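Student:
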Amino acid sequence: METATTTTTDNNYTPGPNQRQVFGKSELLDAGAILRDVLLVGPRHVVGDLGAGGGMFCISAARIVGPQGQVYAVDVMKHVLGDIESKARMTGLDNIKTVWSNLEMVGATKIKENMLDFALLINVLFQSKKHEEILTEAARLLKVGGKLLVIDWSDTRPGFAPNSDRQVDPKKIIETAARFSLDLVREFKAGHYHFGLIFNKTA
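Sequential numbering of the sequence shown, starting at 1, is according to this note's numbering.
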């Protein structure tokens, strides 16, 4: 894993035209393009989708990392994990492991510390007020040099998005993440209604 600490802000990634405008975990996001072209996930990597929801990102990650890679789909809702397991079987993917956990409880996620090359928090933080605990847990699971991807609703959200009082301030996330050795390396527009932040774990 690279350990660059230079921060870039860009719009080189353009949201794809096939994004369906349906409220949900990831229907407004092109998971494959973001993982491959922005986060640079590749074969044999170990990825943790923390708060996996509908499973679009973990399914896309499993295809990218291949049979010698590993994807952990973590969620607090058991029926969500069951749905992901069904989708994995239907698509012939056997490199996804589901993990039942509450990300707001530091140390609860049954994945080895310093295990992940990449951790994903996709449309997770707006659902919680415990950002510090969630970021602590993500940092605990990441390797030094590993990358954390945070995607959440931007202030250009559509009418069907969460109310503004639940909107996440990216500046506050950057400040909080820095306390856990998560340094911002890239800020980008993840979708028409989402911002994206990539952090590097430095220690």
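Beta carbons are placed, not taken as given, at the ideal position from N, Cα and C, and that holds for glycine. All values derive from a computational prediction rather than experimental measurement.
Using only alpha-carbon positions, find the residue among G107, I96 and V124 that is nearest to R166.
Tutor: V124
Student: Among the residues of its own chain, which have a CB less than 6 angstroms from the CB of R140, if the five just before and after it don't count?
Tutor: E113
Student: Pick out whichever of F195, V168, K189 and K201 has its Cα sitting closest to the Cα of D183.
Tutor: K201
Student: Below 8 angstroms on the Cβ atoms is my guess for T109 versus L116; work out the distance and round it to an integer in Å.
Tutor: The Cβ separation is near 10 angstroms, so there is no contact.
Student: May I ask which residues mark the beginning and end of the beta strand (DSSP E) holding I151?
Tutor: Element bounds for I151: L142 to W153.
Student: Beta carbon of V74, beta carbon of A52: below 9 angstroms?
Tutor: yes
Student: Assuming the contact rule is C-beta atoms closer than 8 angstroms, I34 and A190 should be a hit. Round their C-beta distance to whole Å, please.
Tutor: 6 angstroms
Student: Comparing C-alpha positions only, which one of E133, L93 and G54 sits nearest to G107?
Tutor: For G107, the nearest C-alpha among the options comes from E133.
Student: Should I96 and I111 be called a contact, given that it needs their Cβ atoms to be closer than 9 angstroms?
Tutor: No, they are not a contact pair.
Student: Pick helix, strand or coil for E133, following the three-state DSSP scheme.
Tutor: In this structure, DSSP gives E133 a helical state, which the three-state scheme calls helix.
Student: From the DSSP output, in three-state form, read off I122 for me.
Tutor: strand
Student: What is the DSSP secondary structure of I111, reduced to helix, strand or coil?
Tutor: coil
Student: How far does the beta strand (DSSP E) with F199 in it extend, from its first residue to its last?
Tutor: Counting along the chain, the beta strand (DSSP E) containing F199 begins and ends at H194 to K201.
Student: DSSP three-state label for G32, please.
Tutor: The answer is helix: DSSP assigns G32 an H, G or I state.
Student: Starting from V71, follow its DSSP beta bridges and name the residues at the other end.
Tutor: V47 and I96
Student: How long is the line joining the alpha carbons of A203 and V144, rounded to whole angstroms?
Tutor: One alpha carbon belongs to A203, the other to V144, and they sit about 6 angstroms apart.
Student: Would G196 and V168 qualify as a contact pair, given that the criterion is a beta-carbon distance under 9 angstroms?
Tutor: no
Student: What's the gap between the Cα of I198 and the Cα of A31?
Tutor: 15 angstroms
Student: Comparing alpha-carbon positions, which option in L142, L148 and L29 lies nearest I174?
Tutor: L148
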